[in-house]
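**Q**
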Amino acid sequence: MTTPTDDIEALVEDEWYAVRYSGEIPEVAYHGAVFHLTEAANGPQLELSRSQQSRLLEAVIQRYLEITIRDLLPENKETTGYRGLKRSYINWQRFLIFCERNAVNGLFYQETIATALTEFLHHEAGLVEVGEVHTELNCSYEELLNYTQLLGLDLKVIPAAVRNYFLNC
């Protein structure tokens, strides 16, 4: 037999899933989910517990991290969802703004993204060094510098081949 609590948890779980596997701006899905659960005339009009709110926030965090890292992984270059370095930078900025608005420590995840960016840059440097035309350095050098600094990385992590690529574009 299901209880009202079980029903509520199932509703929250459905919305968690929608947020977690949402598109490019998970914050929009999050606000839609919260509205549906708490205020929508055709929704259940619940009062979410802190735990339930935290679960939905965690879904946003997971999705932002997933899409930020996705665009730094060379193996994703041939997939339809891949957007490249510039989109990764934009998603990291969006993530930090979301964290600030929702009292989440976004810097807790900084090392993960910093490592992924460093590996990405070394991979792209290898392509540039062998004359590969198809590189995913699809942002400006200024954006790359800003992304690097936003992640707390020393600018020395940018390989010489990548720096030269931007200087010669």
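The sequence shown begins at 444 in my numbering and counts up by one. For every residue, glycine included, the Cβ atom is placed at its ideal position computed from N, Cα and C.
Quick check: the Cα distance between Phe-478 and Thr-511, rounded to an integer number of angstroms?
**A** Looking up residue 478 in the sequence shown gives position 35. Looking up residue 511 in the sequence shown gives position 68. Roughly 26 Å between the two C-alpha positions.
**Q** Return helix, strand or coil for Gly-569, following the three-state DSSP convention.
**A** The count along the sequence shown starts at 1 and reaches residue 569 at position 126. Residue state, collapsed to three classes: helix.
**Q** Here's a check: name, in chain order, each residue in its chain whose Cβ is nearer than 6 Å to the Cβ of Ala-568, leaving out the five neighbours to either side.
**A** Sequence index remark: in the sequence shown, residue 568 carries index 125 (1-based). For Ala-568, where only same-chain residues beyond five positions count, the Cβ hits under 6 Å are Pro-602, Ala-604, Val-605.
**Q** Compare the Cα-Cα distances from Glu-467 to each of Leu-550, Cys-612, Ile-533, Ala-484 and report the closest residue.
**A** The count along the sequence shown starts at 1 and reaches residue 467 at position 24. For the residues Leu-550, Cys-612, Ile-533, Ala-484, the minimum Cα distance to Glu-467 belongs to Ile-533.
**Q** Figure out for me which residue from Tyr-464, Gln-496, Ser-465 has the closest Cα to the Cα of Glu-452.
**A** For the purposes of this step, residue 452 is taken as the residue at position 9 of the sequence shown. Ranking the options by Cα distance to Glu-452, first place goes to Gln-496.
**Q** Have a look at Tyr-460 and Leu-516 and give me their C-alpha separation to the nearest angstrom.
**A** Counting from one through the sequence shown, the residue named residue 460 turns up at place 17. Counting from one through the sequence shown, the residue named residue 516 turns up at place 73. Rounded to whole angstroms, Tyr-460 to Leu-516 spans 24 Å at the Cα level.
**Q** Thinking C-beta only, is Thr-591 closer than 8 Å to Leu-598?
**A** Your numbering for residue 598 matches position 155 in the sequence shown. Your numbering for residue 591 matches position 148 in the sequence shown. Yes. Within cutoff.
**Q** Exposed or buried, Arg-506, counting other C-beta atoms within 10 Å across all chains shown (16 or more means buried)?
**A** Locating residue 506 in the sequence shown gives position 63, where the first residue counts as 1. With 16 or more other Cβ atoms within 10 Å, it is buried.
**Q** Glu-521 by DSSP, collapsed to three states: which one?
**A** Here residue 521 is taken as the residue at index 78 of the sequence shown, counted from 1. Residue state, collapsed to three classes: coil.
**Q** Would you mind giving the Cβ-Cβ distance between Leu-480 and Pro-469, rounded to the nearest angstrom? I have them listed as a contact below 8 Å.
**A** Taking the first residue of the sequence shown as 1, we reach residue 480 at position 37. Taking the first residue of the sequence shown as 1, we reach residue 469 at position 26. About 16 Å; that fails the 8 Å criterion.
**Q** Does the distance from the C-beta atom of Val-547 to that of Ala-502 stay below 8 Å?
**A** Taking the first residue of the sequence shown as 1, we reach residue 547 at position 104. Taking the first residue of the sequence shown as 1, we reach residue 502 at position 59. The answer is no: Cβ separation not under 8 Å.
**Q** Determine the closest residue to Glu-509 out of Asn-485, Trp-535, Glu-521, with distance taken between C-alpha atoms.
**A** The sequence position of residue 509 within the sequence shown is 66, counting from 1. Nearest option by C-alpha distance: Trp-535.
**Q** Please check the pair Ala-557 and Gly-524, which I expect to be a contact at CB under 8 Å, by giving their CB distance rounded to whole angstroms.
**A** Start at 1 with the first residue of the sequence shown, and residue 557 comes out as number 114. Start at 1 with the first residue of the sequence shown, and residue 524 comes out as number 81. Not a contact, Cβ separation roughly 22 Å.
**Q** By the three-class DSSP mapping on this structure, what secondary structure does Leu-625 have?
**A** Because residue 625 is not part of the residues shown, which for the chain are 444 to 612, the question remains open.
**Q** Tell me which same chain residues have a C-beta within less than 6 Å of the C-beta of Phe-541, skipping the five on either side of it?
**A** Within the sequence shown, the letter at position 98 stands for residue 541. Contacts found: Glu-470.
**Q** Using the beta-carbon count (16 or more within 10 Å), is Tyr-464 buried or exposed?
**A** Locating residue 464 in the sequence shown gives position 21, where the first residue counts as 1. Tyr-464 is exposed by the Cβ-count criterion.
**Q** Determine the extent of the alpha helix (DSSP H) in which Tyr-532 is found, giving its start and end residues.
**A** As a first step, residue 532 must be located in the sequence shown, where it is residue number 89. From DSSP, the alpha helix (DSSP H) with Tyr-532 extends over 528–544.
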